[in-house]
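Visitor: Please see the structure below; I have some questions.
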Amino acid sequence: MSEHNNDHHDDHHDDDVGYHATVKGYVIGFILSVILTAIPFALVMTKGIESSSTMALVLLGFAAVQIVVHMVYFLHMNSKVEGGWSMLALIFTVAIVVIMLAGSVWVMFHLNSNMMPVHDLRNMP
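So the sequence shown is numbered by numbering that gives the first Met the number 0: it starts at 0 and just counts up by one.
Have a look at this one:
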C-alpha cells in the first residue's frame, strides 16, 4: 500500500481574484460591440446628425465606449487582475497618450499664429 503525501499542495487556487471568462460574458460583449457599431453606422448612413462636428463627437463617444467594452469583456481588464498592475499600466498609458495628443494639437493649432510674418514683396519700390 502506498501512502499519499498530504503535504503536497496544488499550485492552482480556486479563490483566485482574477477574472474568469464565461461564454455569457463573451456573448454580452459581442452583443454590445454589435450595437455600438450599428448605431454610429446608421447615424452616418442616414445623416442622422446634420452638424459634422456634432457627428464627430458622437462617433468618438461611441468609439470610446466600445474600447471600454472590449477591454472589460474581451481583454478582461479590471482592478483585480495581476494585483491591479495591469489597470495601473493602462491608466499610465492613457495619460501619456492624452498628454502627447493634446500637446501635438496645441502646437499645430498655434503654429500659424506664432510664425514670423510673411511680407508681400510685390509692393516694394
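Quick reminder that beta carbons are idealized off the backbone N, C-alpha and C, glycines included.
(1) From the DSSP output, in three-state form, read off Met114 for me.
(2) Can the beta-carbon of Val68 be found less than 8 Å from the beta-carbon of Leu35?
(3) Do Ile27 and the ligand SAH come close, with the Cβ less than 7 Å from some heavy atom?
(4) Count the other C-beta atoms from every protein chain shown that fall within 10 angstroms of the C-beta of Tyr72, then say buried if there are 16 or more, exposed otherwise.
(5) Report back the beta-carbon spacing between Ile48 and Val57 to the nearest angstrom; my notes put them in contact at under 8 Å.
(6) Alpha carbon to alpha carbon, what distance is there between Met54 and Val43?
(7) With respect to the alpha helix (DSSP H) encompassing Ile27, which residues constitute its N-terminal and C-terminal limits?
(8) Quick one: Cα of Ile38 to Cα of Ser52, how far?
(9) Which stretch, first to last residue, makes up the alpha helix (DSSP H) that contains Met54?
Guide: Taking the geometry as given:
(1) The count along the sequence shown starts at 1 and reaches residue 114 at position 115. Coil, per DSSP.
(2) In the sequence shown, the residue the question calls residue 68 occupies position 69. In the sequence shown, the residue the question calls residue 35 occupies position 36. In contact: Val68 and Leu35 (Cβ atoms closer than 8 Å).
(3) The ligand SAH is absent from the structure shown, which contains no ligand whatsoever.
(4) By 1-based counting over the sequence shown, the position of residue 72 is 73. Buried, because 16 or more other Cβ atoms sit within 10 Å of the Cβ of Tyr72.
(5) Counting from one through the sequence shown, the residue named residue 48 turns up at place 49. Counting from one through the sequence shown, the residue named residue 57 turns up at place 58. The pair is a contact, with the Cβ atoms about 6 Å apart (cut-off 8 Å).
(6) As a position in the sequence shown, residue 43 is number 44, starting the count at 1. As a position in the sequence shown, residue 54 is number 55, starting the count at 1. Roughly 8 Å between the two C-alpha positions.
(7) For this step, residue 27 is matched to residue 28 along the sequence shown. Segment Val22 to Met44, the alpha helix (DSSP H) holding Ile27.
(8) Here residue 38 corresponds to residue number 39 of the sequence shown, with the count starting at 1. Here residue 52 corresponds to residue number 53 of the sequence shown, with the count starting at 1. For Ile38 and Ser52, the distance between alpha carbons rounds to 17 Å.
(9) Translated into the one-based positions of the sequence shown, residue 54 becomes position 55. Looking at the DSSP string, the run of the alpha helix (DSSP H) that includes Met54 is Ser51 to Tyr72.
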